[in-house]
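What follows is a set of notes on a single structure, which appears directly below.
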Amino acid sequence: MAAKRKRLLTEEVTAFRRLVYQHHQQHWRDFPWRRTHDPYKILVSEVMLQQTQADRVVPKYRAFIRSFPTIRLLAKAPLRKVLAGWQGLGYNRRAVALQRAAQAIANQYGGRVPQHIEALRRLPGVGRYTAAAVLVFAFNQPTAMVETNIRSVFLHHFFPRQRLVRDDELQPLIAQTLDRRQPRRWYEAVMDYGAWLKKQLPNPGRRSRHYVRQSTFAGSHRQLRGQLIRAVLDSPRSLASLVQDFERPTSAVRQAVTELVREGLIARRGQTYIIQ
Numbered sequence: 003m004a005a006k007r008k009r010l011l012t013e014e015v016t017a018f019r020r021l022v023y024q025h026h027q028q029h030w031r032d033f034p035w036r037r038t039h040d041p042y043k044i045l046v047s048e049v050m051l052q053q054t055q056a057d058r059v060v061p062k063y064r065a066f067i068r069s070f071p072t073i074r075l076l077a078k079a080p081l082r083k084v085l086a087g088w089q090g091l092g093y094n095r096r097a098v099a100l101q102r103a104a105q106a107i108a109n110q111y112g113g114r115v116p117q118h119i120e121a122l123r124r125l126p127g128v129g130r131y132t133a134a135a136v137l138v139f140a141f142n143q144p145t146a147m148v149e150t151n152i153r154s155v156f157l158h159h160f161f162p163r164q165r166l167v168r169d170d171e172l173q174p175l176i177a178q179t180l181d182r183r184q185p186r187r188w189y190e191a192v193m194d195y196g197a198w199l200k201k202q203l204p205n206p207g208r209r210s211r212h213y214v215r216q217s218t219f220a221g222s223h224r225q226l227r228g229q230l231i232r233a234v235l236d237s238p239r240s241l242a243s244l245v246q247d248f249e250r251p252t253s254a255v256r257q258a259v260t261e262l263v264r265e266g267l268i269a270r271r272g273q274t275y276i277i278q
């Protein structure tokens, strides 16, 4: 088990910040969501970036913002159109949650993304990290937060030989080193440094207690769910036709369809499944 770090000395904090900022000058990554401080667009990008690599998100983010340029337009859009705009990102539940979050913001906050962590965390699909990221990148609020690239940086620098390091061991160091005058710029620099480290070294994140290796996608239940949504987006479908199309056991298709209905991604009308 990793030993807890003591409080960093001022010179340690200064040296670490200098290293991160110097690296950022040479390895800054340009993403469209970094060119806006619009809280809605930041929220969209952060939900898309959950479990999806940034390079894959870029074209989908641009297209989604063109289709739904404001919170109110997303809130009142047909689910069919929202899911169609989400295709290619996977984890379609995020699209439903994002639209529900937009509806909550439109109805409860006058269409303005809230600026308080507790209010953000009450929104559908918004967890601890996503709420903190909105505060940092939209409102430039200094907030300690952990995601995969941040985790890699702090494991690499402060826990170089330990394994199974918990996030609560990283959090005090993240808070101590946070540049509170410019948190937006600081976290962009840390994340870019973490992404670079993972390309240069064996991923430091693997030494986290929270590291989970992604399961194979081909043939998975997750793949089947995505295939079913795409099929029902094309046209209303019966269970029998879905089983025939995907050559999966009837029980597997029925289970996936039942999940999708329960989660609000598709609806049943008689013997047919639709997306409204």
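In my numbering, the protein residues as written are 3 to 278. For glycine and all other residues, C-beta sits at the position ideal for the given N, C-alpha and C. Note that the coordinates shown come from a computational prediction; the quantities given were computed from them, not determined experimentally.
Can the beta-carbon of residue i be found less than 9 Å from the beta-carbon of residue j?
i	j	result
residue 196	residue 150	yes
residue 209	residue 161	yes
residue 263	residue 244	no
residue 73	residue 34	no
residue 96	residue 127	yes
residue 39	residue 194	no
residue 167	residue 211	yes
residue 248	residue 230	yes
residue 309	residue 239	The displayed coordinates of the chain run from 3 to 278. Any statement about residue 309 would go beyond what the structure contains.
My output table needs one value for residue i: the three-state DSSP class, helix, strand or coil.
i	result
residue 167	strand
residue 18	helix
residue 129	coil
residue 104	helix
residue 274	strand
residue 237	coil
residue 79	coil
residue 88	helix
residue 232	helix
residue 13	helix
residue 124	coil
residue 31	coil
residue 109	helix
residue 114	coil
residue 137	helix
residue 225	helix
residue 24	helix
residue 143	coil
Between which two residues does the alpha helix (DSSP H) containing residue i stretch?
i	result
residue 252	252-264
residue 270	Here residue 270 belongs to no alpha helix (DSSP H); instead the beta strand (DSSP E) covers 269-271.
residue 60	56-69
residue 48	41-51
Which residue wins for smallest C-alpha separation from residue i, given the options the options?
i	options	result
residue 173	69, 203, 165 and 147	147
residue 65	89, 9 and 78	89
residue 134	107, 251, 237 and 45	45
residue 155	188, 142 and 11	188
residue 55	92, 125 and 230	92
residue 183	275, 121 and 142	142
residue 165	177, 199 and 206	206
residue 265	272, 277 and 113	277
In the segment 146-222, which residue ranges form an unbroken alpha helix (DSSP H) of at least 4 residues, counting only runs that do not cross its ends? 150-160, 169-179 and 185-202
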